[in-house]
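Novice: Below is a structure I'd like to ask you about.
In our numbering, the protein residues as written are 2 to 557.
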């Protein structure tokens, strides 16, 4: 019996250890649900109030806000910050304002130069896809750090200088209509606690990820992928947070040869740590960077080529660096092939961008390397195949499919961004198959075109099915990894919990039986001792009283 008990206790300890050691696929304490990377400084303000709006992807019992002062060489002081539920534009639902505190209860906070700060937890229950309004009262002068994108996507308002604190004003009256636009000020992240969702996917890229485009109004494949995931049950959902920056490069360029200081933001290899890996609850990172490196390296801003910048070797090394950094954190990281593009003229783009055979040669080399399975990524998704001109009778794999792109032949439009999201299997993130977004337009792969057949295979691999089999031709090829699907982990944990409970109950029953047997044996031994033991011998009787012994014995 003792041996059996030891075995049960050892088994229970082993199962408990496995349950503790297994990474959770759902409900982390905090998970990021909205982000906005700061990419430049945009003017200054004085004693004013700023109101940013942001939509949280998943529900939570409380929120934490992160603010970035990245582009200011001086500290910035907020005298007060509130968060509430946005009603429309700059108006806030009355009665929903909650004060935001920092450093264990302080209403005012000073952010160091080029630094950032995260608030204390804020007791505001939020619902999935709810738009929040964050109001900031600026004390004194401050250089404004912003995320600038995208035309038509209004998400920030401000009062004139000197107007003061309007962080609890639910109306839009105090805000100057000339100081609104598509550039979130200071607010760089919102995290939620106790969400039923499984964590976050970081979309790490440039303007294509950001949603730049005259016809997009800020809509990108990130929004489209989130829409698909939103159709799953809450416990199978994830946040897809957008860390795209228009003009962003993957690698570090010499000063003045890229948009880094005036709109392109900090290069990808440099900002990865803060803009992707530092956020709580991140499970996966998707990387789409490199096309700007090619154009800048070919002489886009400098006016002449600047090798070795923008070469295939430089881009591949940058991608290896990103993949290694993400996987070192135990996260999955997926690369996206660079999308086809063509020359943009001043007529169809704000800045003309030439794209010729030399640039295409670099892109083809990078994409071939990405598809070679020697990259270090968890997997690669071939969105270049999906967005190429291989539909409706055409077969030009290096040319963008015009109906999927803005007039600049560079940035996908809503139809293209939707097609991209539909080509990404949600099984990559350990989720069930999510329904596809309705296509914006009809695109029929060209019969007899090998590139069209490849595009079809990519789309088919991402479409909801009853099997997880992946075609060898799909570019959602996953490299060997020790990552276990979240659904399997969840089933294993559930089975383990029931098994552990059964073992505990069984151990208790066996212990009770053993105890009863011990007591029964003790009673039996006591009964036997009462039957077999000799009777006690009484002590000798005291002498009887009589004549003095000296007189001798009495005679009868």
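Glycine included, C-beta positions come from ideal geometry on N, C-alpha and C.
By DSSP, does residue 336 sit in helix, in strand, or in coil?
Specialist: Note: residue 336 maps to strand in three-state DSSP.
Novice: Count Cβ pairs between the stretch 99-112 and the stretch 74-87 that sit closer than 8 Å; are there 3 or more?
Specialist: Touching, per the Cβ criterion.
Novice: Please report how far the alpha carbon of residue 184 lies from the alpha carbon of residue 232, in whole angstroms.
Specialist: Each residue's Cα considered, the two are about 29 Å apart.
Novice: Give the single residue among 72, 126, 66 and 224 whose Cα lies nearest to the Cα of residue 103.
Specialist: Of the candidates 72, 126, 66 and 224, the one whose C-alpha sits nearest the C-alpha of residue 103 is 66.
Novice: Hey, which unbroken runs of the beta strand (DSSP E) at 3 residues or more fall wholly within the stretch 254-290?
Specialist: 283-289, all fully within the stretch 254-290.
Novice: Which parts of the stretch 23-73 are runs of the beta strand (DSSP E), unbroken and 3 residues or longer, counting only runs that do not cross its ends?
Specialist: Counting whole runs of 3 or more residues, the stretch 23-73 contains the beta strand (DSSP E) stretches 31-36, 41-47, 50-57 and 63-69.
Novice: According to DSSP, is residue 243 part of a helix, a strand, or is it coil?
Specialist: The answer is strand: DSSP assigns residue 243 an E or B state.
Novice: Can you have a look at residue 64 and say buried or exposed, based on whether 16 or more other CB atoms are within 10 angstroms of its CB?
Specialist: Buried is the call here.
Novice: Could you please give me the residues that DSSP links to residue 158 through a beta bridge?
Specialist: Answer by DSSP bridge pairing, in chain order: 52.
Novice: Select from 222, 186 and 218 the residue whose C-alpha is nearest the C-alpha of residue 202.
Specialist: Among 222, 186 and 218, the Cα nearest to that of residue 202 is on 222.
Novice: Confirm, please, whether the CB-CB distance from residue 377 to residue 325 is below 7 Å.
Specialist: It is a contact, given that the beta carbons lie within the stated cut-off.
Novice: Report the three-state DSSP secondary structure of residue 201 (helix, strand or coil).
Specialist: Note: residue 201 maps to strand in three-state DSSP.
Novice: What are the boundary residues of the alpha helix (DSSP H) that residue 454 is part of?
Specialist: First-last of the alpha helix (DSSP H) with residue 454: 451-463.
Novice: With contact counted as at least three CB pairs below 8 Å, one residue from each stretch, are the stretch 44-59 and the stretch 281-299 in contact?
Specialist: No, the stretch 44-59 does not touch the stretch 281-299.
Novice: Which one or two residues does DSSP pair with residue 87 in a beta bridge?
Specialist: Answer is 93, bridged to residue 87.
Novice: Should residue 462 go down as buried or exposed, given a rule of 16 or more other Cβ atoms within 10 Å for buried?
Specialist: When all chains shown are included, residue 462 counts as buried.
Novice: Given a cut-off of 7 Å on the beta-carbon distance, is the pair residue 68 and residue 118 in contact?
Specialist: Their beta carbons are under 7 Å apart, which means residue 68 touches residue 118 by this criterion.
Novice: According to DSSP, simplified to helix, strand and coil, what is residue 164?
Specialist: Residue 164 falls in the coil class under three-state DSSP.
Novice: Taking contact to mean 3 or more Cβ pairs, one atom from each stretch, closer than 8 Å, check whether the stretch 180-199 and the stretch 373-391 are in contact.
Specialist: Cβ pair count under 8 Å is below three, so no.
Novice: For the pair the stretch 300-307 and the stretch 272-280, tell me if three or more CB-CB distances fall below 8 Å.
Specialist: Cβ pair count under 8 Å is below three, so no.
Novice: Quick one, are the C-beta atoms of residue 46 and residue 139 less than 7 Å apart?
Specialist: Yes; because the gap between Cβ atoms is below 7 Å, this pair is in contact.
Novice: Sorted by chain position, which residues of the same chain lie with C-beta nearer than 7 Å to residue 436's C-beta, five sequence neighbours on each side aside?
Specialist: Counting only Cβ-Cβ distances below 7 Å, and skipping sequence neighbours, we find 229, 232 and 465.
Novice: Leaving out five residues on either side along the sequence, give the residues of the same chain with a beta carbon under 6 Å from the beta carbon of residue 205.
Specialist: Cβ within range, chain order: 244, 277, 286 and 288.
Novice: The beta strand (DSSP E) with residue 146 in it runs from where to where?
Specialist: Residue 146 -> beta strand (DSSP E) spans 142-149.
Novice: Would you call the CB atoms of residue 226 and residue 352 closer than 7 Å?
Specialist: No, these two residues do not count as a Cβ contact at 7 Å.
Novice: Would you check if the stretch 249-265 and the stretch 161-169 touch, i.e. whether three or more CB-CB distances between them fall below 8 Å?
Specialist: No, they do not touch.
Novice: Quick check on DSSP: helix, strand or coil for residue 1?
Specialist: Here the chain comprises residues numbered 2 to 557, so residue 1 is not present and cannot be evaluated.
Novice: For residue 273, which residues from the same chain have a beta carbon less than 8 Å from its beta carbon, with the 5 sequence-adjacent residues on both sides left out?
Specialist: The residues are 205, 323, 326 and 327.
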